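*Asks:* Going by the UniProt record's numbering, the sequence shown runs without a break in its numbering and finishes at 120. All C-beta atoms in this analysis are idealised placements derived from N, C-alpha and C, irrespective of residue type, glycine included. In this text the structure is predicted, and so the values were computed from the model without any measurement.
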Amino acid sequence: MMQERGLQVDHTTVYRWVQHYAPELERRCRSHLKPTTDSWRVDETSIKVRKEWLYLYRAVDSQGKTLDFVLSPKRDAQAASYFFRTTLAASHTSSPRVINVDKNAAYKNRARKPRSVALR
Numbered sequence: 001m002m003q004e005r006g007l008q009v010d011h012t013t014v015y016r017w018v019q020h021y022a023p024e025l026e027r028r029c030r031s032h033l034k035p036t037t038d039s040w041r042v043d044e045t046s047i048k049v050r051k052e053w054l055y056l057y058r059a060v061d062s063q064g065k066t067l068d069f070v071l072s073p074k075r076d077a078q079a080a081s082y083f084f085r086t087t088l089a090a091s092h093t094s095s096p097r098v099i100n101v102d103k104n105a106a107y108k109n110r111a112r113k114p115r116s117v118a119l120r
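1) Can you check which of these residues, Tyr15, Ala77, Phe84, Tyr21, is closest to Arg58 by C-alpha distance?
2) Quick check on Thr37: does DSSP put it in helix, strand or coil?
3) Out of Thr93, Ser95, Ala79, His92, state which residue places its alpha-carbon closest to the alpha-carbon of residue 153.
4) Does Leu54 come out as helix, strand or coil in the three-state DSSP assignment?
5) What separation, rounded to the nearest whole angstrom, lies between the Cα atoms of Asn100 and Trp40?
6) Within this structure, are the beta carbons of Asp61 and Asp102 separated by less than 7 Å?
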């Protein structure tokens, strides 16, 4: 877009702009987003990324809005624990009342399960 207007901008300059302005944009936009519901659905699936199979962990609320996702090379308790920690700590998510999961054993063994959240 800049090149179309006759400006030569290096990709590292654009990257620095993104790093500088992204936190401010998030702060200003966050209050305009709809709040998440207190019922979450969590699932993982395998996808191929650059000729390598990875597991995509994804959380959605009851309205189908994506809350967070994580790509992991493994499907184990450590990957599930990392996914839940990052999703529960995210600033845009509210604390869930219930989290619906499939029968993946890693979900049951995840570390630091909040007592107020029921896994179903």
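*Replies:* Walking through what the data contain:
1) Locating residue 58 in the sequence shown gives position 58, counting from the first residue. Ranking the options by Cα distance to Arg58, first place goes to Phe84.
2) The count along the sequence shown starts at 1 and reaches residue 37 at position 37. Thr37: coil per DSSP, three-state reduction.
3) No information on residue 153 is available, as it lies outside the stretch 1 to 120 that the chain covers here.
4) As a first step, residue 54 must be located in the sequence shown, where it is residue number 54. Here Leu54 sits in strand by DSSP.
5) Within the sequence shown, the letter at position 100 stands for residue 100. Within the sequence shown, the letter at position 40 stands for residue 40. Roughly 6 Å between the two C-alpha positions.
6) Along the sequence shown, one-based indexing puts residue 61 at 61. Along the sequence shown, one-based indexing puts residue 102 at 102. No, Cβ-Cβ distance for Asp61 and Asp102 is not below 7 Å.
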